[in-house]
Amino acid sequence: MANSNSRAQWSSHWIFIMAATGSAVGLGNIWKFPYIMGQNGGGAFVLIYLVCIFLIAMPILIAEIILGRRGQANPITSIQHLAAESQQKKAWQCFAWMGVTCGIIILSFYSVVAGWIIAYIGEMSNSNLRTLPNEDISAKFGTLLSDPKRMLIWHSVFMVLTTSVVALGIKKGLEKATKILMPALLFMLLALFIYSVTSAEFAKGAAFMLNADFTKINLSVVLSALGHSFFTLSLGMGTIMAYGSYLSKKTSILRVSLYIVIADTLIAILAGLIIFPIVFSIGLEPSAGPGLVFSTLPTAFAQMPAGSMWGTLFFILLLFAAWTSAISMIEPAVAYCSEKTRLTRKSSAILIGGIIWGLGILTVFSFNTWAFSFEFLGTQKNAGFFDIFDILTSNFMLPLGGALIAIFTGWVVKKQYTQEELASSHTLFSIWLFLIKFVSPIAVIIILIYAII
Ligand code: PHE
3 MANSNSRAQW SSHWIFIMAA TGSAVGLGNI WKFPYIMGQN GGGAFVLIYL VCIFLIAMPI
63 LIAEIILGRR GQANPITSIQ HLAAESQQKK AWQCFAWMGV TCGIIILSFY SVVAGWIIAY
123 IGEMSNSNLR TLPNEDISAK FGTLLSDPKR MLIWHSVFMV LTTSVVALGI KKGLEKATKI
183 LMPALLFMLL ALFIYSVTSA EFAKGAAFML NADFTKINLS VVLSALGHSF FTLSLGMGTI
243 MAYGSYLSKK TSILRVSLYI VIADTLIAIL AGLIIFPIVF SIGLEPSAGP GLVFSTLPTA
303 FAQMPAGSMW GTLFFILLLF AAWTSAISMI EPAVAYCSEK TRLTRKSSAI LIGGIIWGLG
363 ILTVFSFNTW AFSFEFLGTQ KNAGFFDIFD ILTSNFMLPL GGALIAIFTG WVVKKQYTQE
423 ELASSHTLFS IWLFLIKFVS PIAVIIILIY AII
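Under this note's numbering, think of the first position of the sequence shown as 3, with each following residue one higher.
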């Protein structure tokens, strides 16, 4: 529809795949996936997660790329364009607003966690690591969490890193960062995998991942598998829509989507295959929750051969993964601001980055001064605002956003337009249309209603 002459475009469909994979692969894959899997029945969780990914999340990924590429603007304006094109109400833009807000909330706590990572790059490169007793190493995490000043500094550094890339625009910012960070990330990932196979308890770690304990599966587990499938593919908040708006009309959406889903899933599994064998190699307990990566793993690294070096590498890997994701979280809001107000891209990036930084302060204090506890679906939560933001976004806003995107693409946008964008065989189009019209929205809504009552 709208002409795309003046709009920036990714240089090739490979860059798009790399950028979208960079968005998808983040803390969700390397930090969250292994620990929720550890807590929720290992292989049984993986199975439910895979069903969610292929039947519910992937059709929505395709839908988001379709909407972005056809709308040729930031997510909010894209939805306005598409609603108008199909003679529907402009009010549909509401879910795009929710998505942009969701990105702002997620980045506010994501950046604090990314700040912990930067702090750990320093901790792991300490040459005395090996001589420290286990308790001292695992206690470092608690010390960090009780020190809001240190957390605030690293949160600020990470926000500056993220904002600078987005301020530079698509070609000079996002594309350049992708070209450097993604190959580096893959290289580190493979190196760490080889390390884990050769130096750690690989068989035991792999067995833990494959061993399915179905007794641990309950509603809360299904909800977190669904929420995580959205979170890990960066769906439900317009990120992929924004990236899709810079995609060439010639690219096959179906093909790039498949690559992104496969890369994201493989990397999550690879991350588990790196982390669990290392944890097992010194006989630690794997289902340690959020502290798995920040307390259990560093303790394990400290006892491994050349552990300080490999531990440092691991945290650099995490930082790169978090960085490419953070860029994509802020992009929808910055694109909206620079396309719809008189602010330049640079000023928009600084403004939005500043708001997110400020909101992040709530998370910084969630672990110390302002900490409070509550119960959610039978699980005890101790980190006040941080847990509230996490639950609100990954368990409710992202699935709801995803369901609305599915309904909008499947029911509101005219079939002729989605067919033009997908440009695939009739059978594949029909399968996708069925999933997006019925399976994705109904599954999400049923699970959400269950969770609420
Ligand atoms: N997909 C990212 C991860 O797995 C997180 C993310 C969510 C990024 C939403 C962008 C938008 O860590």
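A virtual CB, placed ideally from N, CA and C, is assigned to each residue, including glycine.
Pairwise C-alpha distance: residue j and residue i
i	j	result
ILE17	LYS181	8 angstroms
VAL415	ALA85	7 angstroms
PHE97	ILE67	16 angstroms
LEU191	TYR419	40 angstroms
GLY73	GLN90	14 angstroms
ALA116	LEU235	18 angstroms
ILE32	SER426	33 angstroms
ILE409	MET239	14 angstroms
PRO279	ALA179	31 angstroms
PHE216	ALA22	33 angstroms
MET60	THR267	11 angstroms
TRP325	HIS157	12 angstroms
ALA270	LYS34	9 angstroms
ILE455	PHE282	39 angstroms
GLY70	ALA335	14 angstroms
LEU154	VAL114	8 angstroms
THR241	PHE232	11 angstroms
GLN305	ALA205	19 angstroms
LEU275	LEU29	16 angstroms
MET211	ILE329	31 angstroms
Three-state secondary structure (DSSP) of residue i
i	result
LYS92	helix
PHE282	helix
PHE374	coil
GLY240	coil
ALA85	helix
THR381	strand
GLY356	helix
ALA4	Model confidence at ALA4 stands at a pLDDT of 46, short of 50, so the residue's coordinates are unreliable and nothing is read from them.
ALA141	helix
ALA214	strand
GLY403	helix
GLY28	coil
GLY44	strand
LYS174	helix
ALA425	coil
ARG493	Absent from the structure is residue 493, since the part of the chain shown begins at 3 and ends at 455.
THR253	coil
GLU125	helix
PRO307	coil
ARG71	helix
TRP16	helix
ASN130	coil
LEU57	helix
TYR51	helix
ASP392	helix
ILE363	helix
PRO185	helix
Closest residue to residue i among the options (Cα-Cα distance)
i	options	result
SER166	GLU423, ALA351, PRO443	ALA351
ALA244	GLU137, TRP413, GLU341, LEU52	GLU341
LEU320	GLY105, LEU183, LEU69	LEU183
TYR261	ILE81, ILE284, ILE64, ALA227	ILE64
VAL53	ILE451, ALA453, SER442	SER442
GLY293	PRO185, LEU430, PRO36	PRO36
TRP12	LYS174, TRP118, VAL263, PHE316	LYS174
PHE369	ASP389, ALA93, TYR338	ASP389
GLY101	TYR452, ILE455, PHE398	PHE398
ALA308	SER198, PHE189, ILE363	SER198
ALA10	GLY246, ASN136, GLY362, SER129	GLY246
LEU406	ALA328, PHE204, ALA93, ALA26	ALA93
ALA453	ALA193, SER349, PRO401	PRO401
SER148	SER396, TRP372, LYS383	TRP372
Counted within 10 angstroms of its Cβ, other Cβ atoms place residue i as buried (16 or more) or exposed
i	result
MET20	buried
ASN76	buried
GLU333	buried
LEU437	buried
ALA445	buried
HIS428	exposed
SER375	exposed
TRP359	buried
ASN42	buried
PHE440	exposed
ALA46	buried
GLY356	exposed
GLY285	exposed
GLU422	exposed
LEU544	The chain is shown only over 3 to 455; residue 544 falls outside these bounds and no answer can be derived.
Cβ-heavy atom distance, residue i to ligand 3, below 7 angstroms
i	result
THR241	Ligand 3 is not among the ligands present in this structure, which contains only ligand 1.
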